[in-house]
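If you read the sequence shown in the numbering used here, its first letter stands for residue 2, the second for the next number, and so on.
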Amino acid sequence: MLPIFPTHRFNPQNIKADVVPTMIDGGTAINGDHTVIQTDGGGRWEITYSGIILRNPAIIRLWDAWTAYMPGRSFWVPLVSLYTGPRPANGAHPARPSAIHANDPDFPTEVGYAVPYIVAEVVTPPSTIPTQMTANVTQGARLQAGMKGSVGGRAFKIERILSRDGQQAEFSFLPPIRDVIEAGAQVNFDWPLARCKLVLGQDLAPTLSFGRSAQMAISFVEDFSNAG
2 MLPIFPTHRF NPQNIKADVV PTMIDGGTAI NGDHTVIQTD GGGRWEITYS GIILRNPAII
62 RLWDAWTAYM PGRSFWVPLV SLYTGPRPAN GAHPARPSAI HANDPDFPTE VGYAVPYIVA
122 EVVTPPSTIP TQMTANVTQG ARLQAGMKGS VGGRAFKIER ILSRDGQQAE FSFLPPIRDV
182 IEAGAQVNFD WPLARCKLVL GQDLAPTLSF GRSAQMAISF VEDFSNAG
């Protein structure tokens, strides 16, 4: 199983996670104009964490371990999108989730809330239209455009709600999911994950102030090497 980047331990102050259109360089014409073509492939996830404070020996060691592990490998990266997700209510306010649990402190393969917070499943999976599916939320709020989740190893962002029936909604999303997703598959809105690889060319060696602390940033891009 692929490990999950331990965002819950690095606790970045700033998180940028979105679907970015895929661009192709069309080259430079004789008159000097440069052409860039946007493809219709639906784009891919790009995620950047910044404001990661390496403030103690354990976190510095964890950073060094992950920067050694990541080059050339695939792993899961959390979108950290719970704030805008379909959170269950406790009166007029969102209910408080339980503590984050991981099955390993450094290279976990399972990360989530100790008690499931948002519970949802696929009703009609994406098939002939890889950008539409129907999901039902059995614990949580109704789905809304702009929410982010993951299912079957692929992350998505809801584009539009096409129809509703109570807690069930049909929606369009990006990027396309061409992997086989079964009806009944769990949709992760608690701690959704994108399969990613490290963006090349980053300087990830920490400059430790007085040899004790540093502030870092890191970027990832979605990995389609196993796409179905």
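Where is the CB? At the ideal position from N, CA and C, for every residue including glycine.
- In this structure, DSSP gives Phe6 a state outside helix and strand, which the three-state scheme calls coil.
- Secondary structure at Tyr50: strand, using DSSP grouped into helix, strand and coil.
- Using a Cβ distance threshold of 8 Å, Ile119 and Arg155 do not count as a contacting pair.
- For Ser99, same chain residues with a beta-carbon under 6 Å away, outside a window of 5 residues either side, are Tyr114, Ala115, Val116 in chain order.
- In the structure shown, Pro95 adopts extended strand secondary structure according to DSSP, grouped into three states.
- Around the CB of Lys17, fewer than 16 other CB atoms lie within 10 Å, so the residue is classed as exposed.
- For secondary structure counted as the beta strand (DSSP E) over 3 or more consecutive residues, the segment 90 to 169 holds these complete runs in sequence order: 101 to 103, 112 to 114, 120 to 125, 133 to 140, 149 to 152, 155 to 166.
- Per DSSP, the continuous beta strand (DSSP E) segment holding Arg196 begins and ends at 194 to 199.
- When secondary structure is reduced to three states using DSSP, Pro58 falls in the helix class.
- Between Ala142 and the set Gly153, Pro207, Arg161, Asn91, the nearest pair of CA atoms involves Asn91.
- The alpha-carbon separation between Arg165 and Val124 amounts to approximately 12 Å.
- The DSSP-derived three-state label of Asp19 is strand.
- Taking 8 Å as the cut-off, the beta carbon of Pro79 is found closer than this to the beta carbon of Thr8.
- Listed as beta-bridge partners of Ala215 by DSSP are Leu55.
- Pro79: member of the beta strand (DSSP E) spanning 76 to 79, first to last residue.
- The C-alpha of Leu175 is placed about 30 Å away from the C-alpha of Leu205.
- In the structure shown, Phe225 adopts coil according to DSSP, grouped into three states.
- Between the alpha carbons of Ala195 and Leu55 lies a gap of roughly 24 Å.
- Rounded to the nearest whole angstrom, the CA to CA distance from Gly153 to Gly73 is 23 Å.
- When the Cα atoms are used, Leu209 and Asn104 turn out to be separated by approximately 29 Å.
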